[in-house]
Amino acid sequence: MNDTLIVVNFKTYQEAHGVAAEELAVIMQDLETNARMVAVVSAFDLSSVVSAAPNLEVWTQHLDPINFGSNTGWLHPDTAVCRGAKGTLINHAEHKVSIEHIAMLLDSVPEDFTVCACAADIEEARALSALEPNYVAVEPPELIGGEISVTTADPEIVSGTAAAIREISESVGILCGAGVKNGDDVFAAINLGTSGVLLASGVTKVSDPRSALNDLISKI
Numbered sequence: 708m709n710d711t712l713i714v715v716n717f718k719t720y721q722e723a724h725g726v727a728a729e730e731l732a733v734i735m736q737d738l739e740t741n742a743r744m745v746a747v748v749s750a751f752d753l754s755s756v757v758s759a760a761p762n763l764e765v766w767t768q769h770l771d772p773i774n775f776g777s778n779t780g781w782l783h784p785d786t787a788v789c790r791g792a793k794g795t796l797i798n799h800a801e802h803k804v805s806i807e808h809i810a811m812l813l814d815s816v817p818e819d820f821t822v823c824a825c826a827a828d829i830e831e832a833r834a835l836s837a838l839e840p841n842y843v844a845v846e847p848p849e850l851i852g853g854e855i856s857v858t859t860a861d862p863e864i865v866s867g868t869a870a871a872i873r874e875i876s877e878s879v880g881i882l883c884g885a886g887v888k889n890g891d892d893v894f895a896a897i898n899l900g901t902s903g904v905l906l907a908s909g910v911t912k913v914s915d916p917r918s919a920l921n922d923l924i925s926k927i
């Protein structure tokens, strides 16, 4: 389990933006673990979080496959890279895009830049894996932000996604998310065939994020 990926999406939670985002990133950076820890932050917080936690892997929450020019309001991949991003989420349930958008983005980023494409179900995960992003993360929208982990509420979607992706690609990593909050959830996710988990409120909205993170990595 040494390659387990723990991806924490800061979203736009009040508890995880601005200075609070920097503080949470430092906590993540200082954990003693073999897991690969990733903070996924707002484009506004990208530079400051990278500066505050230079040894932590930091992704941005969304990117657009655009060229330099007249693209007001869009997020350019090269700018994210220049500001320290090592990867991005794309197609999260809260920011859906087309399959063409994802394919073009994969052609727009450097080879060593990580792209994690989010899927709502097995069929979407199958379609995304054919594009060969670094990771596909399955997250049933109805369970996002809930109290019950997808690994408990719907373990079949996790194992089914893992099997479907492996039919298409041996190289695409598999994550699951929605309701993930503790070490038992992470352990179950790995046993269901994933490379790790994608979570948010289980870390960002708790009173003691350090304890929550230590619990998450406790069975790795």
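Each number in this note's numbering corresponds to the 1-based position in the sequence shown with 707 added.
The beta-carbon is built from N, C-alpha and C at its ideal position, and this holds for glycine as well.
Checklist line | Top-ranked residue by Cα proximity to Gly687, from Leu899, Glu846, Arg917, Ser914 | finding: No answer is possible for residue 687: the residues shown for the chain start at 708 and end at 927.
Notebook entry, point to check: Around the C-beta of Gly776, are 16 or more other C-beta atoms found within 10 angstroms, so that it is buried, or is it exposed?
Noted result: Here Gly776 is exposed. Its C-beta has fewer than 16 other C-beta atoms within 10 Å.
Next item on the list: Out of Asn741, Val756, Asp710, Ala750, point me to the one whose CA is closest to Leu731's CA.
Entry: Comparing Cα-Cα distances from Leu731 to each of Asn741, Val756, Asp710, Ala750, the minimum goes to Val756.
Note to self: Please identify the residue among Ile881, Ile713, Asp828 whose C-alpha is closest to the C-alpha of Asp861.
What the structure shows: Out of Ile881, Ile713, Asp828, Asp828 has the C-alpha closest to the C-alpha of Asp861.
Next item on the list: May I have the straight-line CA-CA distance separating Lys718 from Ile875, to the nearest angstrom?
Entry: Approximately 30 Å between the Cα atoms of the pair.
Next item on the list: Given a cut-off of 9 Å, decide if Leu882 and Thr901 are closer than it, judged by their beta-carbon atoms.
Entry: The answer is yes: Cβ separation under 9 Å.
Item checked: Paired residues, beta bridge with Leu905 - DSSP -> For Leu905, which the question treats as bridged, DSSP gives the partners Val714, Gly884.
Next item on the list: Please name the residue, chosen from Trp766, Val733, Leu813, that lies closest to Glu839 on a Cα-to-Cα basis.
Entry: It is Leu813.
Notebook entry, point to check: Between Leu753 and Ala787, which are expected to be in contact by the criterion C-beta below 8 Å, what is the C-beta distance as a whole number of angstroms?
Noted result: Between Ala787 and Leu753 the Cβ distance is about 7 Å, and since that is below 8 Å, they are a contact.
Checklist line | Cβ distance (whole Å) where Pro772 is taken to contact His808 below 8 Å | finding: Right, their Cβ atoms sit about 6 Å apart.
Item checked: Where the alpha helix (DSSP H) through Thr655 begins and ends -> Nothing can be reported for residue 655, as the shown portion of the chain is limited to 708 through 927.
Note to self: Quick check: Thr711 and Ile897, are their CB atoms within less than 9 Å of each other?
What the structure shows: Yes; because the gap between Cβ atoms is below 9 Å, this pair is in contact.
Item checked: DSSP state of Met708 mapped onto helix, strand, coil -> Confidence at Met708 is low in this model, with a pLDDT of 41, below 50, so the placement of that residue should be treated as unreliable; the coordinate-derived value is given next. In the three-state scheme derived from DSSP, where H, G and I count as helix and E and B as strand, Met708 is classed as coil.
Next item on the list: Return helix, strand or coil for Arg790, following the three-state DSSP convention.
Entry: Of the three classes helix, strand and coil, the one that applies to Arg790 here is coil, per DSSP.
Item checked: Start and end residues, alpha helix (DSSP H) containing Val893 -> Boundaries of the alpha helix (DSSP H) around Val893: 890–898.
Next item on the list: With Thr821 as the anchor, note down where its beta strand (DSSP E) starts and where it stops.
Entry: Taken as a continuous stretch (DSSP letters only), the beta strand (DSSP E) holding Thr821 covers 821–826.
Notebook entry, point to check: Hey, quick one: how far does the alpha helix (DSSP H) through Glu830 stretch, first residue to last?
Noted result: It spans 829–836 - the alpha helix (DSSP H) in which Glu830 sits, taken as one unbroken run.
Margin query: Let me confirm a value: Gly780 is counted as buried when at least 16 other C-beta atoms fall within 10 Å, else exposed. Which label applies?
Written below: Looking at its Cβ environment, which holds fewer than 16 other Cβ atoms inside 10 Å, Gly780 is exposed.
Note to self: Is it buried or exposed, Phe751, if we count other Cβ atoms within 10 angstroms and call 16 or more buried?
What the structure shows: Counting Cβ neighbours within 10 Å, Phe751 comes out exposed, since fewer than 16 surround it.
Notebook entry, point to check: What's the C-alpha gap between Trp766 and Met744?
Noted result: Annotation: Trp766 to Met744 spans about 11 Å, alpha carbon to alpha carbon.
Check: What is the DSSP secondary structure of Thr911, counted as helix, strand or coil?
Finding: Reduced to three states, the DSSP call for Thr911 is helix.
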